[in-house]
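Enquirer: Note that the sequence shown ends on residue 355 in numbering that gives the first Met the number 0; no numbers are left out.
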Amino acid sequence: MWQSRSRVLRGVLAVVLAAGMVLATVPALAAADTRAGGTIVVGQGETVDGLTAAGGTVLVRGTVDGDLRVAAGNVLVTGTVTGDLDGAVGDLTIDGRVGGDVSVAAGNVVVREGAQIGGGLRASAGVVVVDGAVDGSVEVDADTLRLGSAARIGGDLRYDAQLQQAAGAQVAGEVRQVDGLTVVPFTDEAFPGLLFAVYWFLVNLALGAVLLVVFPRFSRTVADWAEAQPLRAGGVGLLWLFAVPVFLSILAVTVVGIPLALLGFVLYLLSFWVGSIYGRYAVGAWLTATFDGSNRWVDLLVGFVVVFVAARIPVLGGLVEVAVFLLGLGAMVTTLGLRARRRVGIGSQRASTGPA
0 MWQSRSRVLR GVLAVVLAAG MVLATVPALA AADTRAGGTI VVGQGETVDG LTAAGGTVLV
60 RGTVDGDLRV AAGNVLVTGT VTGDLDGAVG DLTIDGRVGG DVSVAAGNVV VREGAQIGGG
120 LRASAGVVVV DGAVDGSVEV DADTLRLGSA ARIGGDLRYD AQLQQAAGAQ VAGEVRQVDG
180 LTVVPFTDEA FPGLLFAVYW FLVNLALGAV LLVVFPRFSR TVADWAEAQP LRAGGVGLLW
240 LFAVPVFLSI LAVTVVGIPL ALLGFVLYLL SFWVGSIYGR YAVGAWLTAT FDGSNRWVDL
300 LVGFVVVFVA ARIPVLGGLV EVAVFLLGLG AMVTTLGLRA RRRVGIGSQR ASTGPA
């Protein structure tokens, strides 16, 4: 009877969580187009109503009718952004038009000749190059600030950088160097973290899919063990977390053991990543166990989404992430240990029955 109630409870919990997640995504979907991936492109002739993007490369060749909020390695705007551009990027190049303000934390920022920013430019970067038009004021916190011969700044220029100003560059307002100037590019402090969280979610989900394809039976065994013995799995995960560094430290004391200790440390860190993936997979398998016909892909997706949402709950979210991490780590380590013992046992049995 208890098993029947448990199955019903899991079914209700899964449905409630799924409904909550769908409702939670409605405001975001209504507000702007959200994309994530390796390369995100707004093609020439294409128009999107605002864009929030997280990826390796973001190319805007068409029109973003609204704000562009981005976290990426490279961002190139050759089209039009009618609103503001906010982002955390590696390299930002503007070779088109941004109607509002540009506020970025970046490695390099380049406003090319012929490009236009309708508002102001606020950047915290390594190198900032302005060779186009900025209608508003410019605030830069960087190692180097270069103003090209075609640079046109309609407001003030405040900077903490090594200024290199070419002949012909024009600044309509005051030019002032401010030592210790710190530019905070984001008005919404939660924005960069949320984008990176979405991107990391997709990366982990992709790794989870790879694990299910390459190690299907092992992955299933890990999830089954976590579901059957969650407290024991968590305990093993906690033991692994603290015992392995001690063992590796002892191993590194000997000269011969240093290479093995370094390799072990890399594998130790890798186990954290893989263990967290399996923890999410196990949670999904537990939640969907009440439904007939559930499969590993549904288990993986449900687990990832549920943990992603739960992790955003104040205070409780951190505890959920730690619990899921220890659950997956312990179940994975236990499964590896059981398989190793089984293989050793088989090898010993073969040796004992072999020819004398």
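The beta carbon of each residue, even a glycine, is placed where N, CA and C say it ideally should be.
(1) If you reduce the DSSP assignment to three classes, tell me which class Val-282 lands in.
(2) Can you confirm whether the segment 245-261 touches the segment 165-180 when touching is taken to mean that 3 or more C-beta pairs between the two stretches lie within less than 8 Å?
(3) Using the three-state DSSP reduction, which class does Glu-138 fall into: helix, strand or coil?
(4) Should Val-273 be listed as close to the ligand MN, given that the test is whether its C-beta is under 7 Å from any heavy atom?
(5) So the beta strand (DSSP E) Gly-36 belongs to, where does it begin and stop?
(6) Could you spell out the range, first to last residue, of the alpha helix (DSSP H) harbouring Leu-299?
(7) Can you list, in chain order, the residues of its chain with a C-beta nearer than 6 Å to that of Thr-92? Leave out the 5 residues immediately preceding and following it.
(8) Could you pull out every residue in the same chain whose Cβ sits closer than 6 Å to the Cβ of Val-137, ignoring the five residues on either side in sequence?
(9) Can you list, in chain order, the residues of its chain with a C-beta nearer than 6 Å to that of Val-14? Leave out the 5 residues immediately preceding and following it.
(10) Excluding the 5 residues preceding and the 5 following Gly-278 in the sequence, name in chain order all residues of the same chain whose CB lies nearer than 6 Å to its CB.
(11) Between Thr-79, Arg-111, Ala-339, which has its C-alpha nearest Gln-377's C-alpha?
(12) Thinking C-alpha only, which one of Pro-313, Val-314, Leu-315, Val-319 is nearest Phe-303?
(13) Ignore the nearest five residues each way along the sequence and tell me which others in Ile-116's own chain have a CB closer than 6 Å to its CB.
(14) For Ala-165, which residues from the same chain have a beta carbon less than 7 Å from its beta carbon, with the 5 sequence-adjacent residues on both sides left out?
(15) Apart from the five residues on each side of it in sequence, which residues of its chain come closer than 8 Å, Cβ to Cβ, to Ile-276?
(16) Given that a residue counts as buried once 16 or more other Cβ atoms are within 10 Å of its Cβ, and exposed if not, what is Ile-39?
(17) At what residues does the alpha helix (DSSP H) containing Leu-180 begin and finish?
(18) Using the Cα positions of Val-212 and Gly-336, report the straight-line distance between them to the nearest angstrom.
(19) May I have the straight-line CA-CA distance separating Leu-28 from Thr-181, to the nearest angstrom?
Expert: Reading it off the structure:
(1) helix
(2) no
(3) strand
(4) Among the components modelled here there is no ligand, and therefore nothing to report on the ligand MN.
(5) 32-41
(6) 295-309
(7) Leu-75, Val-109
(8) Leu-120, Ile-152, Leu-156
(9) Only weak support is given to the placement of Val-14: the predicted model assigns it a pLDDT of 37, under 50, and the value that follows is read from those uncertain coordinates. If we look at Val-14 and ignore the five residues flanking it on each side, it has no Cβ neighbours.
(10) Val-323, Phe-324, Leu-326, Gly-327
(11) For residue 377 there is no data in the structure shown, the boundaries of the chain being 0 and 355.
(12) Val-319
(13) Val-97, Val-101, Val-133
(14) Leu-146, Gly-147, Ser-148
(15) Asn-203, Leu-206, Gly-207, Leu-210, Gly-327
(16) buried
(17) That residue, Leu-180, is in no alpha helix (DSSP H); it is neither H nor E in DSSP.
(18) 21 Å
(19) Bear in mind that a pLDDT of 36 at Leu-28, under 50, signals an unreliable position, so the model cannot answer this.
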